[in-house]
Amino acid sequence: METVLLKNIDSPRSADISEYKKVGGYVSLQKALGMEPQQIIDEVKKAGLRGRGGAGFPVAMKWTFASADPKFPKYLLCNADEGEPGTFKDRPILEKNPHLLIEGMVISGHALKAEYGYIYLRGEYPAAKHILNAAIKQAYDNNLLGENILGKGIVFHLAVHQGAGAYICGEETALIESLEGDKGQPRIKPPFPVNVGVFSKPTVVNNVETLSNLPYIIEVGGEAYAKIGTPDCPGPKIFCVSGHVEKPGVYELPMGTKLKDIIYAHCGGIKGGKKLKAVIPGGISTPVLPPDKIDCPMDFVNMPKNGSMLGSGAVIVMDESVCLVKVCHRALKFFEHESCGKCTPCREGTGWLSSILRRIEKGEGMDGDIETLLAVSANMLGKTFCPLGDGAASVVQNFIKHFRPEFEEHIRAKKCVVNG
Amino acid sequence: MFSSAAIQEIEEIRTKYPNPRAVLLPAIYIAQREFGWLSPEAYEAVADLLGVPKATVRGVATFYAMYKQKPMGRHLIQLCTNVSCMILGAERLLDFLKTAYGVEPGGVSPDGRFSLVIMECIGACGTAPAMLVNDDFHENLTEKNLPEILEKYK
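As they're listed, the protein sequences go chains P and C.
Just so you know, the first sequence maps onto residues 1 to 420 in our numbering.
Just so you know, the second sequence maps onto residues 1 to 154 in our numbering.
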């Protein structure tokens, strides 16, 4: 497949505007600025574009809500707080193809009649910050950002806002709090950001990869775009694969590519010919799958039917040498560390889950620990302020669901039964 | 007190936001750079310049992992130990750092050369295990190449 999102990234000068223009960059912007905002939203609707941050929300619907709100100014925020463990799909766009994102944001800004945009960039990507700032400056110098873009009277200003190491800021309302200069704790919804977002104005928050689809949608039109991928989830998708595969890395493939094919056909199978033990298909918050569940299309519709989620498309592959109690514990240590502390079920629940898993892993597990883990998880699920707590609870539930004997063996043997 | 260059930098960033309070996170970064860590003087400088209560500045800063609440070594090692790095040997690297440089997570080596912070995924999972040293990514780490890489940071 011809790449759309990772186009030309192997060129050493791919982040430079002249190189980007050489491969057709900013042609779509010219075209889009000649279109009415509603026409762009209609194309995105025809394209069937769904948010690539993990939730898969229809982009045109979100845009329509924000566009319909009479308040001005409106804001477009790019969520570049790529923090979901296992995820490194946005980083190549940010570092190697920043003008694709900028072009996508200006097109989106025009569609939304938004005059201001911010890229909320995670603090852990210092190189990307410099690259984005340089690209933004080039875009201003070339009249692709500013007060009168390409002489068409369109206004769009863009700046990078650097996060400071808080996973929760990937949640859109926490991101907004953080951008406003506060602790990144989620807000109650409604009101939704499309009506009351950053600085109390209508705000659209879209993921890096989502916005980077815009130039191509405008180039080929929504209908042609929708032929890529599956009818319910069209378009290309960046899968980022890590762990025990021969060729880990980023792969731009049609949405709906089977998980099995990603691992075996594209990534060369399990490293060293070992046996596959488990796969986390969409970043650490998504339910783990055993080997007999990987013959499934990776998209927002089929993965939930298969007992997991597409999430960010971050595939973590684990071979037979991995202790899954240890992985589950590490995941919960992460959630404990990243819980923002605002709501009790998450703040307390992640801590208790992590503590119990720690003692099982250390060989100090007790009879009834598995039941306690399940009881705590059940008490968190659906009762937390934002999806972080749900993620933590369902991680534990699914590790136990698919690999319960391994947990029981650890408790019985009072030591790690995988690596001694 | 901030240097005049830092004040100018903060003022310039402030123009990017409609609400001056939004400059708080960037200003804390600049304070950290100027003072080396978020010392009481650093908090005072931010609070005075932005007209935000010190308690608020501190409340915000302590929420975020990348704002440093104690003095740092000359170089900051940020080692990822999340799942993708862990299953490819990050814990062995951590042990190596502890033994070879005498540095503990959250601490500074006795010679003041390195600070070590354990990270929750730095987005280098395809080239795990990985770390950041200051602003530089180092990937595909082994116990062999780790000391060679760190040799550059005096």
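No residue lacks a Cβ here, since even glycine has one placed at the ideal position from N, Cα and C.
So that I know if they touch, is there some Cβ in chain C lying closer than 8 Å to that of residue i?
| i | result |
| --- | --- |
| I284 of chain P | yes |
| F239 of chain P | no |
| S394 of chain P | no |
| M309 of chain P | no |
| E180 of chain P | yes |
| R330 of chain P | yes |
| K183 of chain P | yes |
| M366 of chain P | no |
| M105 of chain P | no |
| Y167 of chain P | yes |
| R91 of chain P | yes |
| M298 of chain P | no |
| Q162 of chain P | yes |
So is residue i in contact with chain P if we call contact Cβ pairs under 8 Å?
| i | result |
| --- | --- |
| V23 of chain C | yes |
| F63 of chain C | yes |
| N155 of chain C | Any question about residue 155 of chain C goes unanswered here, given that chain C covers just 1 to 154. |
| K152 of chain C | no |
| P18 of chain C | yes |
| A55 of chain C | no |
| F114 of chain C | no |
Among the options, whose alpha-carbon lies nearest the alpha-carbon of residue i?
| i | options | result |
| --- | --- | --- |
| F334 of chain P | P:D232, P:P193, P:R347 | P:R347 |
| T3 of chain P | P:K293, P:S321, P:F239, P:V301 | P:F239 |
| C121 of chain C | P:W352, P:K62, P:G311, P:G83 | P:G83 |
| L112 of chain P | P:V205, P:I280, P:G382 | P:V205 |
| K71 of chain P | P:K201, P:P126, P:A15, P:P98 | P:K201 |
| A130 of chain C | C:V103, C:E91, C:E9 | C:E91 |
| V44 of chain P | P:L211, P:I294, P:Y20 | P:L211 |
| K16 of chain C | P:V27, P:Q162, P:K237, P:A55 | P:Q162 |
| T257 of chain P | P:I280, P:C296, P:I370, P:S308 | P:C296 |
| Q185 of chain P | P:G389, P:R330, P:N8 | P:G389 |
| P191 of chain P | P:L33, P:I154, P:F65 | P:F65 |
| V196 of chain P | P:L76, P:C328, P:E246, P:K129 | P:L76 |
| D299 of chain P | P:G313, P:K183, P:D292 | P:G313 |
| I280 of chain P | P:G86, P:A47, P:L5 | P:G86 |
| G368 of chain P | P:R52, P:I356, P:E361 | P:I356 |
Nearest-angstrom Cα distance between residue i and residue j?
| i | j | result |
| --- | --- | --- |
| K271 of chain P | R14 of chain C | 50 Å |
| H410 of chain P | G351 of chain P | 20 Å |
| E139 of chain C | Y264 of chain P | 24 Å |
| N398 of chain P | E406 of chain P | 13 Å |
| C169 of chain P | L175 of chain P | 4 Å |
| P98 of chain P | I77 of chain C | 27 Å |
| K154 of chain C | G73 of chain C | 11 Å |
| L214 of chain P | E151 of chain C | 44 Å |
| K152 of chain P | S67 of chain P | 20 Å |
| L289 of chain P | C267 of chain P | 18 Å |
| I370 of chain P | S394 of chain P | 14 Å |
| V396 of chain P | A128 of chain C | 24 Å |
| D81 of chain P | E95 of chain P | 14 Å |
| V376 of chain P | T344 of chain P | 12 Å |
| V417 of chain P | G311 of chain P | 30 Å |
| Y225 of chain P | I149 of chain C | 45 Å |
| Y118 of chain P | Y26 of chain P | 19 Å |
| V52 of chain C | A61 of chain C | 13 Å |
| K237 of chain P | V220 of chain P | 17 Å |
| D136 of chain C | C80 of chain C | 13 Å |
| Y101 of chain C | N145 of chain C | 15 Å |
| A15 of chain P | E209 of chain P | 16 Å |
| L324 of chain P | Q69 of chain C | 34 Å |
| H157 of chain P | H244 of chain P | 43 Å |
| K414 of chain P | A42 of chain C | 49 Å |
| G34 of chain P | L132 of chain C | 44 Å |
| V103 of chain C | F96 of chain C | 10 Å |
| E408 of chain P | L353 of chain P | 16 Å |
Along the chain, where does the beta strand (DSSP E) containing residue i start, and where does it finish?
| i | result |
| --- | --- |
| L276 of chain P | 276–280 |
| E147 of chain P | 146–149 |
| G249 of chain P | 249–254 |
Over what stretch of residues does the alpha helix (DSSP H) that includes residue i continue unbroken?
| i | result |
| --- | --- |
| F156 of chain P | Segment 154–162 is the beta strand (DSSP E) holding F156 of chain P; no alpha helix (DSSP H) there. |
| A68 of chain P | 59–68 |
| L94 of chain P | 90–96 |
| Q78 of chain C | Not the alpha helix (DSSP H): Q78 of chain C falls in the beta strand (DSSP E), residues 75–80. |
| T203 of chain P | Counting along the chain, T203 of chain P falls outside any alpha helix (DSSP H), though it belongs to the beta strand (DSSP E) covering 203–207. |
| G423 of chain P | One cannot answer for residue 423 of chain P here, as it falls past the ends of chain P, which runs 1 to 420. |
Inter-stretch contact at 8 Å, needing at least 3 Cβ pairs: the region 17–30 of chain C / the region 171–183 of chain P: The region 17–30 of chain C makes contact with the region 171–183 of chain P, as at least three CB pairs between them are under 8 Å.
When the Cβ atoms of the region 314–324 of chain P are set against those of the region 270–289 of chain P, are three or more pairs found closer than 8 Å? The region 314–324 of chain P, when compared against the region 270–289 of chain P, does touch it at the 8 Å Cβ threshold.
Under 8 Å: do the region 299–313 of chain P and the region 334–343 of chain P share three or more Cβ pairs, one atom per stretch? The region 299–313 of chain P makes no contact with the region 334–343 of chain P, as fewer than three CB pairs between them are under 8 Å.
Could you say if the region 89–96 of chain P and the region 118–136 of chain P meet the contact criterion of at least three C-beta pairs nearer than 8 Å? A contact is defined here as three or more CB-CB pairs under 8 Å, and the region 89–96 of chain P meets this definition with respect to the region 118–136 of chain P.
Would the region 99–116 of chain C count as touching the region 56–74 of chain C if we require 3 or more Cβ pairs under 8 Å? Yes, since at least three Cβ pairs between the region 99–116 of chain C and the region 56–74 of chain C fall closer than 8 Å, the two stretches touch.
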